[in-house]
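Some notes on the structure that comes next.
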Amino acid sequence: GIQVEQSPPDLILQEGANSTLRCNFSDSVNNLQWFHQNPWGQLINLFYIPSGTKQNGRLSATTVATERYSLLYISSSQTTDSGVYFCASLNTNAGKSTFGDGTTLTVKP
Amino acid sequence: DSGVTQTPKHLITATGQRVTLRCSPRSGDLSVYWYQQSLDQGLQFLIQYYNGEERAKGNILERFSAQQFPDLHSELNLSSLELGDSALYFCASSVDWNYEQYFGPGTRLTVT
Numbered sequence: 466g467i468q469v470e471q472s473p474p475d476l477i478l479q480e481g482a483n484s485t486l487r488c489n490f491s492d493s494v495n496n497l498q499w500f501h502q503n504p505w506g507q508l509i510n511l512f513y514i515p516s517g518t519k520q521n522g523r524l525s526a527t528t529v530a531t532e533r534y535s536l537l538y539i540s541s542s543q544t545t546d547s548g549v550y551f552c553a554s555l556n557t558n559a560g561k562s563t564f565g566d567g568t569t570l571t572v573k574p
Numbered sequence: 006d007s008g009v010t011q012t013p014k015h016l017i018t019a020t021g022q023r024v025t026l027r028c029s030p031r032s033g034d035l036s037v038y039w040y041q042q043s044l045d046q047g048l049q050f051l052i053q054y055y056n057g058e059e060r061a062k063g064n065i066l067e068r069f070s071a072q073q074f075p076d077l078h079s080e081l082n083l084s085s086l087e088l089g090d091s092a093l094y095f096c097a098s099s100v101d102w103n104y105e106q107y108f109g110p111g112t113r114l115t116v117t
């Protein structure tokens with residue numbers, strides 16, 4: 466099945482800093498999502514981005530499907546951004562979803 | 006709030022028992038997905054239903070089964086429970102089988 470790799474596994478930032486999280490996938494995908502899992506365990510949709518670039522406030526994401534990667538940008542980070550960020554792909558043919566192992570972000574005040 | 010509801014929020018049971026987790030998708034969504042999140046395995050896809058029919062199967066154990074009912078709610082049945090089944094179980098829904106997924110708050114299962 467498809468493999469999804471996220472980097473870095475852990476990231477510690479000072480409040481106000483910017484960061485880039487990366488997601489590589491082993492095969493072509495036509496459904497790519499980014500999620501934030503907050504400290505209470507809730508999975509929050511950030512972006513549904515099979516290709517192209519999207520922005521939502523301080524967050525933006527870019528997926529280059531032909532090169533099999535996606536990037537999540539967080540600008541002016543806040544302590545509430547802390548948590549685990551997951552990317553996930555859905556393989557159209559097999560219909561199975563695959564999550565990466567996540568990037569654990571800690572933003573210090 | 007994603008619009009996906011799951012019950013119960015917490016469940017504590019003993020090894021060998023059977024439990025049922027319930028999920029109601031967002032209004033209008035036809036597809037339901039089940040996931041297991043444990044500390045050592047990360048987020049694992051279990052199974053997907055679309056409009057009452059099984060659409061895709063992932064790493065679901067034979068002791069586990071699921072179904073989607075005509076009103077589109079879904080249930081995940083876990084039987085002969087083992088300590089290793091302790092995990093957070095998520096349900097997600099999407100409007101169609103290959104669209105953006107929205108996750109419920111999860112059911113935290115503890116097997117003692």
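Protein chains in written order, with the working numbering: chain A, 466 to 574; chain B, 6 to 117.
The beta carbon of each residue, even a glycine, is placed where N, CA and C say it ideally should be.
For clarity, every value in this text was computed on a predicted model and none was experimentally measured.
Length of the line joining the Cα atoms of residue i and residue j
| i | j | result |
| --- | --- | --- |
| valine 572/A | threonine 544/A | 5 Å |
| alanine 71/B | threonine 12/B | 15 Å |
| phenylalanine 50/B | threonine 485/A | 26 Å |
| glutamate 532/A | tryptophan 499/A | 17 Å |
| asparagine 82/B | cysteine 28/B | 12 Å |
| glutamine 41/B | asparagine 489/A | 22 Å |
| aspartate 101/B | proline 30/B | 12 Å |
| asparagine 483/A | glycine 522/A | 13 Å |
| leucine 114/B | alanine 530/A | 37 Å |
Own chain partners of residue i with C-beta closer than 8 Å, once the 5 adjacent residues on each side are dropped
| i | result |
| --- | --- |
| asparagine 56/B | Leu35, Ser36, Gln73 and Leu77 |
| leucine 524/A | Leu511, Phe512, Leu537, Tyr538, Ile539 and Ser540 |
Nonlocal neighbours in the same chain, by C-beta distance under 6 Å from residue i, ignoring five residues either side
| i | result |
| --- | --- |
| valine 549/A | Gln502, Gly567 and Thr569 |
| threonine 527/A | Thr518 and Leu536 |
| arginine 23/B | Ser84 |
| glutamine 53/B | Tyr38, Arg60 and Ala61 |
| serine 491/A | Ile467 and Gln468 |
Reference residue i, options the options, closest by Cα
| i | options | result |
| --- | --- | --- |
| aspartate 45/B | Ser91/B, Lys62/B, Ser98/B and Gly109/B | Ser91/B |
| tyrosine 104/B | Val494/A, Gly517/A and Ala526/A | Val494/A |
| leucine 93/B | Arg31/B, Leu86/B, Ser99/B and Gly111/B | Gly111/B |
| asparagine 64/B | Ser32/B, Leu114/B, Gly47/B and Ser79/B | Gly47/B |
| leucine 86/B | Glu58/B, Phe69/B and Pro30/B | Phe69/B |
| asparagine 496/A | Pro515/A, Gln507/A and Asn483/A | Pro515/A |
| lysine 14/B | Gln520/A, Gln507/A and Ala553/A | Gln507/A |
| glutamate 470/A | Ile509/A, Pro504/A, Trp505/A and Arg487/A | Arg487/A |
Cut-off 7 Å between Cβ atoms - residues of its own chain near residue i, not counting five sequence neighbours on either side
| i | result |
| --- | --- |
| proline 473/A | Thr568 |
| phenylalanine 108/B | Ser7, Val9, Phe95 and Ala97 |
| leucine 88/B | Thr20 and Val116 |
| aspartate 546/A | Ile539, Leu570 and Val572 |
| glutamate 480/A | Ser542, Gln543, Thr544, Val572, Lys573 and Pro574 |
| proline 75/B | Gly57 |
Residue i: first and last residue of the uninterrupted beta strand (DSSP E) it sits in
| i | result |
| --- | --- |
| glutamine 520/A | 517-521 |
| tyrosine 40/B | 36-43 |
| serine 561/A | As written in the sequence, residue 561/A is lysine, which differs from the serine given in the question. Here lysine 561/A belongs to no beta strand (DSSP E), and DSSP marks it neither H nor E. |
| threonine 527/A | 524-529 |
| glutamine 502/A | 497-502 |
| alanine 553/A | 548-555 |
| aspartate 475/A | 475-479 |
| isoleucine 509/A | 508-513 |
| glutamate 470/A | 469-472 |
**Item:** Uninterrupted beta strand (DSSP E) stretches inside the segment 27-105 of chain B (no shorter than 3 residues)
**Value:** 36-43, 47-55, 58-62, 69-73, 79-83 and 92-99
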